[in-house]
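Colleague:
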Amino acid sequence: MADLAPLSLNDGKTIPRLGLGVWQVPEESVADVVSTAIGIGYRLIDGARIYGNEAGMGEGIRASGVARDELFVTSKVWNEDQGYDATRRAVEGSLKRIGVEYLDLCLIHWPCPAQDKYVETYRALMDARADGQIRSAGVSNFQDAHLDRVIKELGEAPALNQIELHPAFQQAQMRAADEERGVLTQSWSPLGRMTMFEAPEIKAIAERIGCTPAQVILRWHLQLGVSVIPRSTNAGRLKENFDTLDITLTEADMAAIAGLDQEDGRIGPNPDEFEGN
Ligand SMILES: NC(=O)c1ccc[n+]([C@@H]2O[C@H](COP(=O)([O-])OP(=O)(O)OC[C@H]3O[C@@H](n4cnc5c(N)ncnc54)[C@H](OP(=O)(O)O)[C@@H]3O)[C@@H](O)[C@H]2O)c1
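As structure tokens, then:
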């Protein structure tokens, strides 16, 4: 039986432990991918304004026939939309494009420290939450210093921090930093865009259990206690990834995967430097 128990957020809400990420899913196919995933059992859909497919994502949600209140919809405020007023408008834009009355979670996509607007951006999310436009406010790609400024200046820790996390880049320090502050970690690019599928340690575990390398990696995330949002546009692989909820890794398996961490394993930009538009 799939372990679907949701994870708790620091604001009293909950989030599914496994969801679908829709980055790079073309607007013309995203509705199909989203409704197929929801049909398989996915309840969390992770989108963003910058992915350019929010309208199709909303179409997929409606086509699934599953009630809105059974789903968990995330979007993100893009870098050029930071600042109080622009963020309030950005949230409204996402709601309109997706065609929902509220987002379950809205994240600041990147801290963009040189812009130095993430505190007022987070304040805008708090007000959007007070106005019922979003249920939870969170961040993405935040480092300790960024979290600490939000906490110090606004008196609350974000509900969630979505960060790059996969076997080649395990982020033990950032996972601990999130946990100390009561912030749930969520892994982006959890499959490391397939870079570790051929690692002998992962292959050996997959062969012993009788599952795939992707399932081993996703199960590793779940056993770390983080939320995870793999992307697939293929129905078989969507099902394979969801079925990860059914397998179990031993402590020795977890230790073997811990050994795959690399100092330079990051595949995305460095959050202290990235200001991209
Ligand atoms: N906050 C941020 O800054 C940020 C940055 C990047 C990503 N994200 C979020 O994280 C989500 C996931 O990250 P990602 O899309 O970069 O990469 P990912 O989920 O790590 O990997 C996706 C790739 O793996 C393939 N794949 C998926 N399941 C597979 C399986 N079971 N077997 C073999 N191949 C498989 C997919 O191909 P097929 O489609 O052909 O299956 C796709 O090419 C994104 O979609 C987005 O929502 C957030």
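Numbering (our numbering) for the sequence shown: 834 to 1110. All C-beta atoms, glycine included, are put in the ideal place defined by N, C-alpha and C.
In three-state DSSP terms, what is D1105?
Modeller: The answer is coil: DSSP assigns D1105 none of H, G, I, E or B.
Colleague: Give the single residue among A1037, I871, G880, R1014 whose Cα lies nearest to the Cα of M1087.
Modeller: Nearest option by C-alpha distance: A1037.
Colleague: Report the residue from A1009, R1014, G1025 whose alpha carbon sits nearest the alpha carbon of G988.
Modeller: Closest by alpha carbon: R1014.
Colleague: Comparing the C-beta of G1109 with each C-beta of chain B, is any distance below 8 Å?
Modeller: Among the protein chains of the structure shown there is no chain B, as only one such chain exists.
Colleague: Count the other C-beta atoms from every protein chain shown that fall within 10 angstroms of the C-beta of D914, then say buried if there are 16 or more, exposed otherwise.
Modeller: So D914 counts as buried.
Colleague: Check whether the Cβ of L1024 sits closer than 7 Å to any heavy atom of ligand 1, and report yes or no.
Modeller: Answer for L1024: yes, Cβ within range of ligand 1.
Colleague: Determine the direct distance from the alpha carbon of D879 to that of N1110, and round the result to whole angstroms.
Modeller: So the alpha carbons of these two residues sit roughly 20 Å apart.
Colleague: Using the three-state DSSP reduction, which class does N994 fall into: helix, strand or coil?
Modeller: In this structure, N994 counts as strand in the three-state DSSP scheme.
Colleague: With H, G and I counted as helix, E and B as strand and the rest as coil, what does DSSP make of L1024?
Modeller: Coil.
Colleague: Assuming Y955 and I941 form a contact by the criterion Cβ under 8 Å, report the distance between their Cβ atoms to the nearest whole angstrom.
Modeller: 6 Å between Cβ atoms; contact.
Colleague: How long is the line joining the alpha carbons of N843 and L1017, rounded to whole angstroms?
Modeller: Rounded to the nearest angstrom, the two C-alpha atoms are 8 Å apart.
Colleague: Using DSSP with H/G/I as helix, E/B as strand and the rest coil, what is V933?
Modeller: It is coil, neither helix nor strand.
Colleague: Quick check: the Cα distance between L1025 and F1002, rounded to an integer number of angstroms?
Modeller: First, the residue type needs correcting, since residue 1025 is Gly and not Leu in the sequence shown. Distance between the alpha carbons of G1025 and F1002 is about 8 Å.
Colleague: Tell me which residues share the same chain as I984 and place their Cβ nearer than 7 Å to its Cβ, disregarding the 5 neighbours each side in the sequence.
Modeller: Around I984: A990, R1014.
Colleague: In whole angstroms, what is the alpha-carbon distance linking L958 and P944?
Modeller: The straight-line gap from Cα to Cα measures roughly 14 Å.
Colleague: Between G872 and S897, which are expected to be in contact by the criterion C-beta below 8 Å, what is the C-beta distance as a whole number of angstroms?
Modeller: Sure, about 6 Å apart at Cβ, within 8 Å.
Colleague: Report yes if the C-beta of G891 is less than 7 Å from at least one heavy atom of ligand 1; otherwise report no.
Modeller: No, the beta carbon of G891 sits no closer than 7 Å to any heavy atom of ligand 1.
Colleague: Which residues in the same chain as A888 place their Cβ atom closer than 6 Å to its Cβ, once the five residues preceding and following it in sequence are excluded?
Modeller: These residues qualify, in order along the chain: R930.
Colleague: Within this structure, are the beta carbons of F1030 and A1047 separated by less than 8 Å?
Modeller: Contact flag set, yes.
Colleague: Taking C-beta to C-beta, are T1083 and R1052 nearer than 8 Å?
Modeller: No, these two residues do not count as a Cβ contact at 8 Å.
Colleague: Identify, in the order they occur along the chain, each residue of the same chain with its Cβ nearer than 6 Å to the Cβ of L938, setting aside the five sequence neighbours on each side.
Modeller: If we look at L938 and ignore the five residues flanking it on each side, its Cβ neighbours are T907, S969, G971.
Colleague: Whose C-beta lies closer than 6 Å to the C-beta of D1011 among residues of the same chain, with five residues either side of it excluded?
Modeller: Contacts found: N994, T1018.
Colleague: Within the continuous beta strand (DSSP E) that includes L877, where are the two ends?
Modeller: Run containing L877: 877-879, per the beta strand (DSSP E) assignment.
Colleague: Mapping the DSSP letters down to three states, classify T1018 as helix, strand or coil.
Modeller: Strand, per DSSP.
Colleague: Return yes when the C-beta of E1073 is under 7 Å from any heavy atom of ligand 1, and no when it is not.
Modeller: For ligand 1, at least one heavy atom lies less than 7 Å from the Cβ of E1073.
Colleague: Output needed for V1049: all residues of its chain with C-beta closer than 6 Å, excluding positions within five of it in sequence on either side, in chain order.
Modeller: Closer than 6 Å at Cβ, skipping near neighbours: I1035, I1038, A1039.
Colleague: If you follow the beta strand (DSSP E) that A970 is part of, which residue opens it and which one closes it?
Modeller: It spans 967-973 - the beta strand (DSSP E) in which A970 sits, taken as one unbroken run.
Colleague: By DSSP, does V866 sit in helix, in strand, or in coil?
Modeller: Looking at V866 - three-state DSSP - the assignment turns out to be helix.
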